[in-house]
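What follows is one structure encoded as structure tokens, with my remarks underneath.
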Amino acid sequence: MIWVKKERCPGILYLKKEEEKHKQNTKRQSRSVERKRKMAGEEGQVIACHTVEAWNEQLQKGNDSKTLVVVDFTASWCGPCRFIAPFFADLAKKLPNVIFLKVDIDELKSVASDWAIESMPTFMFMKEGKIVDKVVGAKKDELQSTIAKHLA
């Protein structure tokens, strides 16, 4: 084994500095990701509610912020639901000040039952905890105009 003093091998010092920079960047990125996950409403995204608790939490965020909440009641087997899903996601990106939620009626049957969902997709619009509108079907124009109406 050959022992080399660090002062005589600048490459080792350079590698140590680069390794330290990498660790700092990794820590900074993970803090940034955590912060983004904790942001209310995950701005610009459709938030899928997989549990009743998550559903209630997202509704409460909407009630507390007094912002418009648009809920897509959907099903994985529903053709029209799959057709309108990319459009719904685009709306979420364009309108980060609106909370967009997605509920799979097969996953959260109790929520679908409580909200009397009979057809898919069904879009419910809420403000301050009250239902203000409803769109049934994969109607892009009607969905967009209803959102615009409630943002005005």
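Counting along the sequence shown from 1, when you hit position 70 you're at 70 in UniProt numbering, and nothing is skipped either side. Heads up, the beta-carbon is just placed ideally off N, CA and C, and yes, glycines get one too.
Whole-angstrom C-beta distance between Leu-108 and Val-52, which should lie under 8 Å | 6 Å
What span of residues does the beta strand (DSSP E) with Thr-122 cover, start to end?
-> 122 to 127
Is it true that the CB of Gly-62 sits closer than 8 Å to the CB of Met-126?
-> yes
Where the alpha helix (DSSP H) containing Ile-84 begins and where it ends = 79 to 94
Using the beta-carbon count (16 or more within 10 Å), is Leu-151 buried or exposed?
-> exposed
Separation of Asp-104 from Thr-74, as counted between CA atoms = 5 Å
Between Ala-48 and Ile-84, is the Cβ-Cβ spacing less than 8 Å?
-> no
Ordered along the chain, which non-local residues of its own chain (more than five positions away) have a Cβ less than 7 Å from that of Thr-67?
-> Asn-97, Val-98 and Ile-99
Since I believe Asp-114 is in contact with Ser-76 (beta carbons under 8 Å), could you give me their beta-carbon distance rounded to a whole number of angstroms?
-> No, Ser-76 and Asp-114 are not in contact; Cβ-Cβ is about 20 Å, not under 8 Å.
What number of angstroms, rounded off, separates the C-alpha of Ala-89 from the C-alpha of Gly-129?
-> 23 Å
Give the DSSP bridge partners of Leu-59, in chain order.
-> Per DSSP, none; premise fails for Leu-59.
Is it right to say Ala-92 is buried, meaning 16 or more other beta carbons lie within 10 angstroms of its own, or is it exposed?
-> buried
Mapping DSSP to helix, strand and coil, what is Val-69?
-> strand
Can you tell which of Pro-80, Glu-20, Gly-79 and Gly-44 has the C-alpha that lies nearest to the C-alpha of Val-70?
-> Gly-44
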